[in-house]
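Here's the structure we're looking at; comments come further down.
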Amino acid sequence: MNPIDKLIKNRKLTKDGYVELLNCIEKDEMAVRITDEAVLLRKKYYGNKVYTRGLIEFTNYCRNNCFYCGIRRDNQTVSRYRLSLQEILSCCQRGYELGFRTFVLQGGEDPYFTDERMVKIIYSVKERYPDCALTLSIGEKTYDSYRRFREAGADRYLLRHETADQVHYRKIHPKEMSLAVRKQCLYHLKTLGYQVGAGFMVGSPGQTYRELAQDLVFLQELQPQMVGIGPFIPHHSTRFAEEPPGSVKLTLRLLSIVRILLPQALIPATTALGTLDPEGREKGLAAGGNVVMPKLSPAIYQKKYELYDGEEAVESMESLARRVEAIGYRLTVDRGDFVPTESI
Ligand code: 5AD
1 MNPIDKLIKN
11 RKLTKDGYVE
21 LLNCIEKDEM
31 AVRITDEAVL
41 LRKKYYGNKV
51 YTRGLIEFTN
61 YCRNNCFYCG
71 IRRDNQTVSR
81 YRLSLQEILS
91 CCQRGYELGF
101 RTFVLQGGED
111 PYFTDERMVK
121 IIYSVKERYP
131 DCALTLSIGE
141 KTYDSYRRFR
151 EAGADRYLLR
161 HETADQVHYR
171 KIHPKEMSLA
181 VRKQCLYHLK
191 TLGYQVGAGF
201 MVGSPGQTYR
211 ELAQDLVFLQ
221 ELQPQMVGIG
231 PFIPHHSTRF
241 AEEPPGSVKL
251 TLRLLSIVRI
261 LLPQALIPAT
271 TALGTLDPEG
281 REKGLAAGGN
291 VVMPKLSPAI
301 YQKKYELYDG
311 EEAVESMESL
321 ARRVEAIGYR
331 LTVDRGDFVP
341 TESI
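If you read the sequence shown in my numbering, its first letter stands for residue 1, the second for the next number, and so on.
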């Protein structure tokens, strides 16, 4: 059986199977079946709904030094900022008025935001907006910290694994970081009952189909509720400044594959896709994505939260809704929880 049939039938492949699949769908006519199947599955579970999450980038300080990332610790050229609790709450207020019912608090690993400070923020947001889901995206923490955040009311956690291949992980991260720790964090988050988001970059330096296959096998194992996939985009003040960006086409194909292996996952059409291609968002939805995450953080800070060059600018909810509707979907404001149904 060819790898496309195998994937559609079994909803999973071996690592070698994924490598074979990725080679096979280099041809556009072969990729169509994968895209069609992904769209079918998304329709089956989510109809034409697209979920919106309000992204609040509340600190660009980071103790880590990931080689690809624009806000890594050693980048002296970034002007650093932190939002106060009041500023975070006013972002939520603005978002709430716009109709958002999910907020994502994302930041670098900033030591200023101790567990105590985070718990206070989480309590305050959930107290004011009990009908909203709160997602954290603040990196690697101890089990105990994750537990405290969960008890304070956090519902979801985004922590991309970035690459599931040990050797590749080493090429793009400094030696004090480890893939084992990252994976452990993801499993801790699952144990604590968070809806968990993993994910990876496409086209990061040194990545081949073998590494991507490893990412897919890892997602199969982890069974996350959310998966963020975006193309790598070089940032001018990193060692990867001269590297080519990841391919939009390959990113879209991976998004479709992930939709097939995790049919009910919440998969965003990422900002990075929208940055490399003016129609990236639409293409991401048409490939099987079902989430968009516009930024709610104040415009003056948005320029400073630059993970890669040319990060896409914000747009109004109206224009976002128009764009989503133009391609046959409907922007929806509900919390958009992952609701597992009978397996198919
Ligand atoms: N290109 C694309 N994505 C990047 N990220 C960080 N740096 C880059 C880059 N240069 C992604 C990482 C991280 C997410 C918040 O942004 O995958 O998890």
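Glycine residues also receive a C-beta, built at the ideal position from the N, C-alpha and C atoms.
Inter-residue Cα distance where the pair is residue i and residue j
i      : j      : result
Leu222 : Gly310 : 32 Å
Arg82  : Val227 : 27 Å
Ala272 : Pro245 : 10 Å
Ile345 : Leu105 : It is not possible to answer for residue 345, since the shown part of the chain is limited to 1 through 344.
Leu212 : Gly336 : 28 Å
Glu20  : Pro3   : 7 Å
Ser343 : Tyr187 : With a pLDDT of only 44 at Ser343, under the threshold of 50, the placement of this residue in the model should not be trusted, and no figure is reported.
Lys9   : Glu87  : 49 Å
Val202 : Asp215 : 10 Å
Gly328 : Lys49  : 9 Å
Leu262 : Met293 : 20 Å
Lys141 : Met1   : 44 Å
Pro205 : Thr163 : 11 Å
Leu266 : Tyr51  : 9 Å
Glu127 : Glu151 : 13 Å
Pro268 : Gly284 : 8 Å
Beta bridge counterpart(s) of residue i as assigned by DSSP
i      : result
Thr114 : Answer by DSSP bridge pairing: none, since Thr114 is not bridged.
Gln195 : Arg156
Ser137 : Gln106
Glu97  : Per DSSP, none; premise fails for Glu97.
Val292 : Thr52
Cβ-based neighbour list, residue i, same chain, cut-off 8 Å, excluding 5 preceding and 5 following
i      : result
Thr35  : Leu252, Arg253, Ser256, Ala286, Ala287, Gly288
Leu159 : Ser137, Gly139, Glu140, Arg182, Cys185, Leu186, Leu189, Val196, Gly197, Ala198
Tyr209 : Tyr18, Val19, Leu22, Asn23
Buried or exposed by the 16-neighbour rule on C-beta atoms within 10 Å, applied to residue i
i      : result
Tyr169 : buried
Leu85  : exposed
Gly274 : buried
Arg281 : buried
Pro231 : buried
Val79  : Looking at the sequence itself, residue 79 is Ser, so the reference to Val does not match. Its Cβ having fewer than 16 others within 10 Å, Ser79 is exposed.
Gln76  : exposed
Contact set for residue i: own chain, Cβ-Cβ below 7 Å, skip 5 residues either direction
i      : result
Ala38  : Ser256, Arg259, Ile260, Ala287, Gly288
Ala321 : Leu331
Lys295 : Leu55, Glu57, Gln302, Val314
Leu13  : Pro3, Lys6, Leu7, Leu21
Ala31  : Ile25, Arg253
beta-carbon residue i near the ligand FMN non-hydrogen atom, thresh 7 Å
i      : result
Thr142 : What this structure holds is the ligand 5AD, not the ligand FMN.
Contact set for residue i: own chain, Cβ-Cβ below 6 Å, skip 5 residues either direction
i      : result
Leu179 : Gln166, Tyr169
* Of all residues in the structure, which have a C-beta closer than 6 Å to any heavy atom of the ligand 5AD, taken in chain order? -> Tyr68, Cys69, Arg160, Glu162, Met201, Gly230, Phe232, Ile233, His235, Ala272, Leu307, Tyr308
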